[in-house]
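Residue numbers (this note's numbering): 77 to 390.
Ideal placement from N, C-alpha and C gives every residue a C-beta, glycine not left out.
Since the structure comes first, as structure tokens, the remarks are kept for the end.
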């Protein structure tokens with residue numbers, strides 16, 4: 077049933093706009109050097125970020141003015157398209173290999189990451205299924221197992237790329253949706269225990285994952301190889317102090333810190349804007365999550381609650 081549109085939550089709106097603005101500025105600041113070295117264009121990553129930020133704003137405006145129940149009708153088609161994309165990205169020649177992982181599909185100068193689309197698709201699909209069969213949620217076989225079947229397919233495809241982090245993120249999101257929908261704690265506990273065993277097995281199966289874990293726990297044990305990027309990120313954050321060295325004045329982004337505009341952009345933020353800058357971003361994320369969860373709790377039905385819980389935990 078359609079519901080009457082309400083006025084937007086301006087705290088969420090402010091948090092989103094502020095984070096978007098900070099993100100665009102920091103992507104340029106952190107990427108200018110590597111963009112010039114690799115593409116002879118300091119604005120290379122900034123241009124791409126502006127395109128995606130504009131698309132994100134457009135999507136936000138559209139979703140703000142559309143009853144969320146409309147998305148239920150798109151759950152199955154979107155899920156089907158996502159599965160096709162997840163298969164295509166694994167095909168040699170179609171999927172772009174970056175750092176040993178095949179996670180991207182290229183369309184001209186733009187690249188699409190199907191696993192990111194899968195985050196949305198799984199929530200739409202799972203929320204719709206849970207809302208349609210709410211009376212079955214207390215049954216493990218009839219209520220929970222059907223939700224896990226699609227999750228296993230998506231999880232396996234993403235793990236094949238490989239991208240364990242995103243796969244676990246999606247699995248965790250589905251777990252939260254089951255909790256919000258009223259699944260029994262004993263069922264969730266069993267799934268949680270099984271998940272822990274699976275994570276341990278996945279880490280032990282691939283030696284590089286164990287190396288990353290050990291490097292994270294003690295980067296100084298191998299400062300020139302597996303621990304190098306973590307140590308450089310600590311240097312960046314530590315040198316920022318309270319107010320930072322100044323916007324655009326990072327030293328670590330001069331090819332000392334790997335992936336300064338993606339994986340370690342927060343380290344560059346800490347170096348340039350200091351503790352004040354990092355705390356500002358953390359507070360903005362907290363405001364976004366807090367107000368979003370309030371919206372989710374006040375949703376009039378289980379689909380709305382599941383949908384909005386996802387939007388503010390991912």
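Per DSSP, residue 99 is one residue of the alpha helix (DSSP H) stretching across 86-115. Here residue 332 carries a coil assignment [DSSP, helix/strand/coil]. Here residue 177 carries a strand assignment [DSSP, helix/strand/coil]. Rounded to the nearest whole angstrom, the CA to CA distance from residue 200 to residue 153 is 10 angstroms.
In the DSSP assignment, residue 168 is bridged to 171. Contact annotation: residue 136 and residue 92 have beta-carbon atoms nearer than 8 angstroms. Taking a contact as a CB-CB distance under 8 angstroms, the pair residue 317 and residue 348 does not count as one, their CB atoms being some 11 angstroms apart.
Residue 353 is a Cβ neighbour of residue 345, given a cutoff of 8 angstroms.
Around residue 189, the same chain offers 179, 180 as residues with beta carbons nearer than 6 angstroms, after the five sequence neighbours per side are excluded. When secondary structure is reduced to three states using DSSP, residue 120 falls in the helix class. In the DSSP assignment, residue 370 falls within the unbroken alpha helix (DSSP H) covering 341-373. Distances from the alpha-carbon of residue 227 to those of 208, 214, 254, 371 put 254 closest.
When DSSP states are grouped into helix, strand and coil, residue 182 belongs to the strand group.
When Cβ pairs closer than 8 angstroms are counted between the two stretches, the stretch 209-221 is seen not to touch the stretch 147-161, the count staying below three.
C-alpha of residue 252 to C-alpha of residue 265: approximately 12 angstroms in a straight line. Its Cα nearest to that of residue 219, the residue 263 stands out among 323, 143, 242, 263.
Between the C-alpha atoms of residue 367 and residue 141 there is a straight-line separation of about 18 angstroms. By the C-beta density criterion, residue 239 is buried, having at least 16 other C-beta atoms within 10 angstroms.
For residue 300, there is no enclosing alpha helix (DSSP H), since its DSSP letter is neither H nor E.
Comparing alpha-carbon positions, the option among 323, 213, 191, 214 lying closest to residue 247 turns out to be 191. Comparing alpha carbon positions, the residue from 243, 203, 278, 279 closest to residue 145 is 203.
Taking the Cα of residue 151 as reference, the smallest distance to any Cα among 299, 195, 138, 176 is reached at 195. For residue 172, same chain residues with a beta-carbon under 6 angstroms away, outside a window of 5 residues either side, are 180, 182 in chain order. In its own chain, leaving out the 5 sequence neighbours on each side, no residue places its CB closer than 6 angstroms to the CB of residue 126. DSSP places residue 268 inside the alpha helix (DSSP H), whose first and last residues are 261-281.
Following the DSSP letters along the chain, one finds residue 189 in no alpha helix (DSSP H), marked with neither H nor E.
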